[in-house]
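Accompanying notes for the structure given below.
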Amino acid sequence: MIILHALFLLIIYLLTTMKKLKNFLNSFEEDYLFRFGKRSWQAISLIFLGFLVYAIVLYLWNTTPSFREDVSISKIEFDRNRIDRDFDISNDIEQSTLADYNKALDSLKKAMPESEWIKLGDSITKTEYEYQERQMYNPWYGGYYTDYVRVPYTYRVFQKNREAVPNILEDIYEEKAIDSAQYTDKIKVLRMAQVLISFSDKKEATTLLRDYFKGFLVYTGELDHNKVKSIAKLYEKADRRPKFKNPYGENDDWDQFSAYLRVGREDSLTEERFKITENAVSKLKSKAKFKEKDQVHAVARITLGSDLTDEDLTTATEEFFSSKDFKITDKNAREVYGKYHYLFLEKAQLADQMLEEKQLEKEINRSSYYYEARVAFLAIIMIAAVLILFSIRSIIKNKQNA
Numbered sequence: 084m085i086i087l088h089a090l091f092l093l094i095i096y097l098l099t100t101m102k103k104l105k106n107f108l109n110s111f112e113e114d115y116l117f118r119f120g121k122r123s124w125q126a127i128s129l130i131f132l133g134f135l136v137y138a139i140v141l142y143l144w145n146t147t148p149s150f151r152e153d154v155s156i157s158k159i160e161f162d163r164n165r166i167d168r169d170f171d172i173s174n175d176i177e178q179s180t181l182a183d184y185n186k187a188l189d190s191l192k193k194a195m196p197e198s199e200w201i202k203l204g205d206s207i208t209k210t211e212y213e214y215q216e217r218q219m220y221n222p223w224y225g226g227y228y229t230d231y232v233r234v235p236y237t238y239r240v241f242q243k244n245r246e247a248v249p250n251i252l253e254d255i256y257e258e259k260a261i262d263s264a265q266y267t268d269k270i271k272v273l274r275m276a277q278v279l280i281s282f283s284d285k286k287e288a289t290t291l292l293r294d295y296f297k298g299f300l301v302y303t304g305e306l307d308h309n310k311v312k313s314i315a316k317l318y319e320k321a322d323r324r325p326k327f328k329n330p331y332g333e334n335d336d337w338d339q340f341s342a343y344l345r346v347g348r349e350d351s352l353t354e355e356r357f358k359i360t361e362n363a364v365s366k367l368k369s370k371a372k373f374k375e376k377d378q379v380h381a382v383a384r385i386t387l388g389s390d391l392t393d394e395d396l397t398t399a400t401e402e403f404f405s406s407k408d409f410k411i412t413d414k415n416a417r418e419v420y421g422k423y424h425y426l427f428l429e430k431a432q433l434a435d436q437m438l439e440e441k442q443l444e445k446e447i448n449r450s451s452y453y454y455e456a457r458v459a460f461l462a463i464i465m466i467a468a469v470l471i472l473f474s475i476r477s478i479i480k481n482k483q484n485a
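The numbering used here applies: residue 84 is where the sequence shown begins, and numbers increase by one.
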């Protein structure tokens with residue numbers, strides 16, 4: 084009974100003490116710590132609780148497994164030789180119409196007035212041979228035997244006219260695997276062909292289209308009609324307006340010009356790259372007088388197809404042409420500039436490699452310092468909590484002593 088009585092008294096004391104402590108804390112909260120009031124702090128607590136719930140939801144969302152997009156190649160991607168990067172082929176549906184295609188075709192016809200557009204071919208007779216089985220009599224043995232006799236036969240077949248432009252275009256479409264209704268891709272071929280034809284002799288336009296332009300129209304790579312125009316502008320800056328008539332003859336520009344096209348086919352050229360190259364050509368021609376333009380074309384192509392970034396290429400060309408250490412003549416421009424360019428490229432690649440190493444080192448250091456800072460911050464929070472508890476304890480004692 085005494086023990087129960089003592090426990091009862093202890094409970095009463097604890098309840099009284101807890102009540103006093105609660106009243107004190109409420110008074111302390113109102114008078115010293117939280118002058119904004121309970122409701123304000125409760126509202127702030129709710130806001131932070133909302134942030135906590137939001138963070139937890141996002142955390143749980145980001146812990147869900149990610150699945151790779153289904154991979155397949157559509158006909159449009161195959162024809163363009165370029166993948167659809169948003170995995171939504173519906174926004175790449177063919178936009179051009181038959182009317183658009185006919186309009187582009189009419190423009191090409193006007194650019195090739197002396198070419199054949201009507202006579203696509205004719206039906207001709209061909210002779211072939213086949214072997215037929217015959218029973219032959221052998222007088223020496225007095226009997227028959229089986230033999231095969233070569234017998235001619237004829238048939239009619241349609242033979243395409245190789246000089247007809249529509250047949251040449253159909254061959255290009257077939258080799259590019261362009262369907263009859265893919266008008267956008269067909270129009271790209273027509274526009275690029277028209278640009279090339281604009282620099283050609285009208286009488287030789289069909290031969291040039293069939294035997295020389297066709298390869299670039301089939302395997303365009305990164306080329307389009309706008310880039311061909313930019314290449315022609317650069318060519319004129321280096322030499323003269325390109326002229327195509329007899330690629331294997333004298334005074335014809337196709338050999339040099341096609342080398343530019345090969346650069347453009349392999350590289351994704353930007354307007355900035357063309358500007359840098361034109362500027363380099365201008366500075367080169369101010370350094371020496373070139374009777375033969377091969378050296379100028381070589382420098383232009385090295386610059387145009389450079390693996391340097393546009394920023395590095397600008398620096399390289401400006402430093403090269405402003406320096407007095409490199410002697411340029413009309414005979415050595417390609418060799419001197421090429422050597423400088425490839426040394427600059429090698430050094431730029433080394434600088435990029437060193438930068439990556441420094442960035443990796445800093446990333447490792449950041450991770451280490453972040454961990455150390457986090458530990459220090461947690462220690463500060465713990466110490467601050469202890470100090471707050473000490474302050475509360477001191478205030479409680481002062482109240483009790485008072």
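C-beta: ideal position from N, C-alpha, C; glycine also.
| query | result |
| --- | --- |
| Within 10 angstroms of the Cβ of S190, are there 16 or more other Cβ atoms? Answer buried if so, exposed if not. | exposed |
| Count the other CB atoms, across all protein chains shown, that sit within 10 Å of the CB of G204; report buried if there are 16 or more and exposed otherwise. | exposed |
| So, with DSSP's three-state summary, where would you put I261? | coil |
| Look up T29 in the DSSP assignment and give the residues it is bridged to. | No answer is possible for residue 29: it lies beyond the span of the chain, which begins at 84 and ends at 485. |
| So does the segment 213-233 actually touch the segment 250-258, counting three or more Cβ pairs closer than 8 angstroms? | no |
| Could you give the distance in angstroms between the alpha-carbon of T290 and the alpha-carbon of E246? | 8 angstroms |
| Classify S477 as helix, strand or coil using the three-state DSSP reduction. | helix |
| Classify M195 as buried or exposed, calling it buried when 16 or more other Cβ atoms lie within 10 Å of its own Cβ. | buried |
| For the ligand ADP, is there any heavy atom lying closer than 7 angstroms to the beta carbon of V240? | The ligand ADP is absent from the structure shown, which contains no ligands of any kind. |
| Return helix, strand or coil for N415, following the three-state DSSP convention. | coil |
| Please report how far the alpha carbon of D435 lies from the alpha carbon of G332, in whole angstroms. | 46 angstroms |
| How about F299 and Y318: do their beta carbons lie closer than 8 angstroms? | no |
| Do T180 and K209 come within 8 angstroms of each other at the CB atom, strictly closer than that value? | no |
| Considering only residues of the same chain and omitting the five flanking positions on each side of Y423, which have a CB-CB separation below 8 angstroms? | A399, F403, F409 |
| From the DSSP secondary-structure annotation, give me the bridge partner or partners of Q218. | T229 |
| Within its chain, find whatever has a CB closer than 7 angstroms to the CB of L273; leave out the 5 residues flanking it on each side and keep chain order. | A187, L188, L191 |
| Is the separation between the beta-carbon of E287 and that of N244 shorter than 8 angstroms? | no |
| Could you check what DSSP says for A247 in three-state terms: helix, strand or coil? | strand |
| Just verifying my parser: in three-state terms, what is the DSSP assignment at G298? | helix |
| Leaving out five residues before and five after Y266 in sequence, what residues of the same chain have Cβ atoms less than 8 angstroms from its Cβ? | E177, S179, T180, L181, D183, Y184 |
| So which of H308, D262, Y420 has the shortest CA-CA distance to K368? | Y420 |
| Could you tell me whether the Cβ of E361 comes closer than 8 angstroms to any Cβ of chain C? | Here chain C cannot be found, since the structure has a single protein chain. |
| Run through the DSSP bridge pairs and tell me what S389 is partnered with. | Answer by DSSP bridge pairing: none, since S389 is not bridged. |
| Please report the distance separating the alpha-carbon of P330 from that of I280. | 14 angstroms |
| Do you know offhand how far D322's Cα is from Q378's? | 11 angstroms |
| Expressed to the nearest angstrom, what Euclidean distance is found between the alpha-carbon atoms of E305 and A456? | 50 angstroms |
| Tell me the rounded alpha-carbon separation between F117 and S149. | The pLDDT assigned to F117 is 48, lower than 50, so where the model puts this residue is not dependable; a value taken from the coordinates is nonetheless given after this. Roughly 46 angstroms separates the two Cα atoms. |
| Under DSSP, the alpha helix (DSSP H) around L291 begins and ends at which residues? | 288-291 |
| Identify every residue that forms a DSSP beta bridge with E333. | According to DSSP, E333 bridges with nothing at all. |
| In the structure shown, what three-state DSSP assignment does F327 receive? | strand |
| Distance, Cα to Cα, R324 vs E394? | 29 angstroms |
| Using the beta-carbon count (16 or more within 10 Å), is S389 buried or exposed? | buried |
| Rounded to a whole number of angstroms, what is the C-alpha to C-alpha distance between R293 and K430? | 44 angstroms |
| Taking the alpha helix (DSSP H) that Q277 belongs to, which residues open and close that run? | 266-280 |
| Closer than 8 angstroms by C-beta to D335: which residues in its own chain qualify, once you throw out the five before and the five after it? Chain order, please. | K326, F327, K328, N329 |
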